[in-house]
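Step one of this worksheet: look at the structure below.
Protein chains: 2
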Amino acid sequence: MRAILVGFGFIGRNLVKSIRDKLAVIKSFHPQFKLVGISDVEGFLFDEEGLDLERASSISKITEYFEKIHEGSSIELIERSEADVLIEATPTNVVDGQPGLSHIEKALNLGMHVVTSNKGPLVIAFKRLMDLAKRKGVELKYEATVAGAIPIFSLVRDCLRGNHVRKIYGILNGTTNYILSRMHFDDVSFEVALREAQERGIAERDPTYDVEGIDAACKVVILANAILGKDAKINDVKREGIKRVSREAVRLARKAGYAIKLVAVVGDRLEVGPRLVALNHPICVHGTLNAVHLETDLAGEITVVGPGAGEETVSAIINDLLSLPMSGGYR
Amino acid sequence: MRAILVGFGFIGRNLVKSIRDKLAVIKSFHPQFKLVGISDVEGFLFDEEGLDLERASSISKITEYFEKIHEGSSIELIERSEADVLIEATPTNVVDGQPGLSHIEKALNLGMHVVTSNKGPLVIAFKRLMDLAKRKGVELKYEATVAGAIPIFSLVRDCLRGNHVRKIYGILNGTTNYILSRMHFDDVSFEVALREAQERGIAERDPTYDVEGIDAACKVVILANAILGKDAKINDVKREGIKRVSREAVRLARKAGYAIKLVAVVGDRLEVGPRLVALNHPICVHGTLNAVHLETDLAGEITVVGPGAGEETVSAIINDLLSLPMSGGYR
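The listed protein sequences correspond, in order, to chains Z and F. For reference, each letter of the first sequence is one residue, going 11 to 341 in this note's numbering. For reference, each letter of the second sequence is one residue, going 11 to 341 in this note's numbering.
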């Protein structure tokens, strides 16, 4: 299996390190596994014999691996590589899904499997991309797009076979959960908690995407389409952020045995908004943790808790890679 | 796929109902699926064309389905049925694993897959049975043996591929968790909480197996062997029950932000005993819920919460059935 990685940011760099560390395990699933290319906006690395993983793990920008650098776009790498799988790890763009959407379409059209950590293309075009993958006889996998390291899609697909999932709800954004947890435990204002999250690198300098619930709404769209079989778009999600959550409200909730959490609901209605959650409810997790709660017909109510972002997200990409069929494994 | 069910207690009866309700889904995995036999201590039902699932779902004892009743033992049903899979749902016996152990060995030796909800055989002979299954080229699946509906084994195998699990801990017994939760929230004594649990059918009349931590210790053995690759026996588990947990201790813990829980630990040491758990820790679940916490190298810390017993356990059996290879599917 020949893999290429498009996008060399936080996730991409950590993925390369994990591929280096886990090469023996990866080869137990895909004996001929090689990472043959990496691209970002500055060009691409390519070696059809496989890149040196030690070297690729030691760089922070692809230009530092100057022996293998090529000028050209990610699309050129996808076309030239003859890879079996594209790993798409460019940043999420919820307006038009680009550039990830073009990368994924190009790869699927060339008959490559795709593993993506990029929500944008799925939020814009879930059904179209899944249909394209099916038509081409390849897989499009996206475990890393929702709830970081929590393996929610494979859990439903591979561990709850025979179950019908009626409804999903939970905490799908680590940044806002960190802010609300600080407000809950330390009685600080939203502004103070946000500033601290920014200083610790948990919130972006422009925190809109997280605090307005846009990130969580993207995840709602993907969950609704992937698990409940809907054809939802982001405008179908009723959304409210956490900016107006006051210290006073958090304090009153706490006294009554509740926390205010940014809760995502995926059911008949699609919603993201601040909600009261009982402190002893399984989804009432704190800090940057995420929690996903499934209502099923056979297994009852199942909750999964784990890191919602960060380097642990690489686990989801690796599981997707190792779940791909062996078909390309001997190239 | 021809299936037989040995054991027609609470789990067995609920399983037959779920097979009836989910037949279309089951057939989408195993097109020729049929339940051809059911046995308990009173004899067995057998029809090589498949039992009437509506009829089999309506009975509480197999003798009520008098048209198909045969005299004879479960072993005779296993031998005669030429089934592709045995579902073993007789009660757990941790002394010698019988009669489940003989049932499973017989089936594996005949080249049948086995799906079991019975812990006893695995506690007594995990390695021997797994080796036998491997030698015979069949599968032995046991998702239902630990933490009820929580799909912990398939989660590790199918959703956390590439991960190394370092340690597992959690709440693995719903009866004791119910008792301790009542003590925590309602400030009652162990004796009062136990009596209430017995009245509600959550605790057995002889509660030893649960309250002494034996049930949880069995689950520790299975987790240690299946996930950490150990060859543990029940005597390797350091075990303490909850009888000596006092109202006063529970009250003090609560005031300090903790609950006393019967915690199972599966790592370098194997332990079951009452422990202080912070109220905001993800495993701090209440009532009859179970929680399993995994420490992994890639995905970080993942917790799964769900029903630890009851009819939801059937979900684990169904998932095991639907995960079996198709090989027998056309018989």
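For every residue, glycine included, the Cβ atom is placed at its ideal position computed from N, Cα and C. Everything numeric in this text was worked out from a predicted model, so none of it was measured.
Residues of chain F with a CB under 8 Å from the CB of residue i: which are they?
| i | result |
| --- | --- |
| Leu-308(Z) | Ser-28, Lys-32, Ala-159, Glu-322, Val-324, Ser-325, Ile-328 |
| Ser-333(Z) | Asp-168, Arg-171 |
Does any residue of chain F have a CB that is nearer than 9 Å to the CB of residue i?
| i | result |
| --- | --- |
| Asn-183(Z) | no |
| His-80(Z) | no |
| Arg-176(Z) | no |
| Arg-23(Z) | no |
| Tyr-340(Z) | Since pLDDT at Tyr-340(Z) reaches only 40, below the 50 mark, its modelled position is unreliable, and no value is offered. |
| Ser-164(Z) | yes |
In terms of residue numbering, what span does the alpha helix (DSSP H) encompassing residue i cover?
| i | result |
| --- | --- |
| Gly-22(F) | 20-31 |
| Asp-62(F) | Run containing Asp-62(F): none; DSSP gives neither H nor E here. |
| Leu-87(F) | 84-91 |
| Ile-328(F) | 324-333 |
| Lys-265(F) | 257-265 |
| Leu-272(F) | Segment 268-276 is the beta strand (DSSP E) holding Leu-272(F); no alpha helix (DSSP H) there. |
| Ile-224(Z) | 224-236 |
| Val-221(F) | 218-221 |
Establish whether the CB of residue i and some CB of chain Z are separated by less than 9 Å.
| i | result |
| --- | --- |
| Ile-114(F) | no |
| Glu-311(F) | yes |
| Phe-39(F) | yes |
| Asn-173(F) | yes |
| His-296(F) | yes |
| Val-156(F) | no |
| Lys-151(F) | no |
| Ala-66(F) | no |
| Ala-301(F) | yes |
| Leu-15(F) | no |
Rounded to whole angstroms, how far is the Cβ of residue i from the Cβ of residue j, which I believe are closer than 8 Å?
| i | j | result |
| --- | --- | --- |
| Ala-13(Z) | Val-148(Z) | The pair is not a contact, with the Cβ atoms about 13 Å apart (cut-off 8 Å). |
| Ile-178(Z) | Ile-224(Z) | Not quite, the Cβ-Cβ distance comes to about 18 Å (not below 8 Å), so this is no contact. |
| Arg-254(F) | Val-282(F) | Wrong, their Cβ atoms sit about 14 Å apart, outside the cutoff. |
| Ile-212(Z) | Thr-298(Z) | 6 Å |
| Ala-309(Z) | Ala-66(F) | Wrong, their Cβ atoms sit about 22 Å apart, outside the cutoff. |
| Leu-55(F) | Lys-78(F) | 4 Å |
| Ala-117(F) | Val-46(F) | That pair is no contact at about 13 Å. |
| Leu-61(Z) | Ile-48(Z) | 7 Å |
| Asp-197(F) | Arg-261(F) | 6 Å |
For residue i, which residues in chain Z fall below 7 Å Cβ to Cβ?
| i | result |
| --- | --- |
| Pro-131(F) | Residues of chain Z passing the Cβ test: none, with the nearest at roughly 23 Å. |
| Cys-169(F) | Pro-161, Ser-164, Leu-165, Asp-168, Cys-169, Asn-329 |
Please list, in chain order, the chain Z residues whose beta carbon lies closer than 9 Å to that of residue i.
| i | result |
| --- | --- |
| Asn-245(F) | Going along chain Z, no residue has its Cβ under 9 Å from Asn-245(F), so there is no contact; the nearest lies around 31 Å. |
Which residue marks the beginning of the beta strand (DSSP E) containing residue i, and which one marks its end?
| i | result |
| --- | --- |
| Asp-50(Z) | 44-50 |
| Arg-296(Z) | With the sequence shown as reference, residue 296(Z) is identified as His, and Arg is not the correct amino acid for it. From DSSP, His-296(Z) is part of no beta strand (DSSP E); its letter is neither H nor E. |
| Gly-316(Z) | 311-317 |
| Glu-115(Z) | Segment 110-119 is the alpha helix (DSSP H) holding Glu-115(Z); no beta strand (DSSP E) there. |
| Glu-98(Z) | 95-98 |
| Ala-288(Z) | 280-288 |
| Val-125(F) | 123-126 |
| Gly-53(Z) | 53-56 |
| Val-16(Z) | 12-16 |
Name the chain F residues that come within less than 7 Å of residue i, Cβ to Cβ?
| i | result |
| --- | --- |
| Val-35(Z) | Gly-172 |
| Asn-290(Z) | His-296 |
Interface residues of chain Z around residue i at Cβ under 8 Å?
| i | result |
| --- | --- |
| Gly-316(F) | Ala-309, Gly-310, Glu-311, Ile-312, Thr-313 |
Is there a Cβ of chain B sitting closer than 9 Å to that of residue i, yes or no?
| i | result |
| --- | --- |
| Val-16(F) | In summary, chain B is missing from the structure at hand, where the protein chains are Z and F. |
**Asked** Where are the beta strand (DSSP E) runs, 3 residues long or more, that stay fully inside the stretch 128-206 of chain Z, in chain order?
**Response** Annotation note: the stretch 128-206 of chain Z contains the following uninterrupted beta strand (DSSP E) runs of length 3 or greater, listed N- to C-terminal: 175-181.
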